[in-house]
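Asker: Let me give you the structure first, and then I'll get to my questions.
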Amino acid sequence: MENFYPVQLKKTENNSLSVKWNDEKVSEIPLTKLRDECPCVNCKGESVIFESYIPIKTPFKAAGFYEIDKIETVGNYAISIKWKDGHDTGIYSWDILRKL
Ligand SMILES: [Zn+2]
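Numbering (this note's numbering), first residue to last: 2 to 101.
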């Protein structure tokens, strides 16, 4: 398996996150998609044995829901994104980012 990691992350003017990878590939991920795919337990739920917890999705989106407040790197394998509505529990590993 190849090891991909971002060499540059930046926010574009059309509300996407542009990710430049070590293999020169550039991905542009719309912030809406990034937020909708937030991998944290609150957003994605989790499976416990015999039971799965599915978070309730409300159609209402808080102000700043799709806006990034800041991005921090987590070790050398992921970034954590803080959104302007205060949500900051999503950790996006390189793997997840690459798939988006
Ligand atoms: Zn989340």
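Ideal placement from N, C-alpha and C gives every residue a C-beta, glycine not left out.
1) Which partner residues of Lys34 appear in the DSSP bridge assignment?
2) Mind checking whether the beta-carbon of Thr33 lies closer than 7 Å to any heavy atom of ligand 1?
3) Considering only residues of the same chain and omitting the five flanking positions on each side of Thr33, which have a CB-CB separation below 7 Å?
4) Using 10 angstroms around the beta-carbon of Tyr78, count the other beta-carbons present and answer buried if the total reaches 16, otherwise exposed.
5) What residue range does the beta strand (DSSP E) around Leu10 cover?
6) With DSSP as the reference, label Asp86 as helix, strand or coil.
7) Whole-angstrom Cβ separation of Gly65 and Asp86, contact assumed at under 8 Å?
8) Should Thr90 be counted as a contact of ligand 1 given a C-beta to heavy atom distance under 7 Å?
Answerer: In brief:
1) In the sequence shown, the residue the question calls residue 34 occupies position 33. Answer is none; Lys34 lacks a bridge partner.
2) In the sequence shown, counting from the first residue as 1, residue 33 sits at position 32. No, since every heavy atom of ligand 1 falls outside the 7 Å radius drawn around the Cβ of Thr33.
3) One-based indexing of the sequence shown puts residue 33 at position 32. Answer for Thr33: Tyr67, listed in chain order.
4) Stepping through the sequence shown from its first residue, residue 78 is reached at position 77. Exposed: under 16 other Cβ atoms inside 10 Å.
5) Position 9 of the sequence shown, counted from the start, is the residue given in the question as residue 10. Note, Leu10: beta strand (DSSP E), 7 to 12.
6) Translated into positions along the sequence shown, residue 86 becomes position 85. Coil at Asp86, not helix or strand.
7) As a first step, residue 65 is located in the sequence shown; it is residue number 64 there, counting from the start. As a first step, residue 86 is located in the sequence shown; it is residue number 85 there, counting from the start. The Cβ separation is near 4 Å, so the contact holds.
8) As a first step, residue 90 must be located in the sequence shown, where it is residue number 89. Correct: Thr90 has its Cβ closer than 7 Å to ligand 1.
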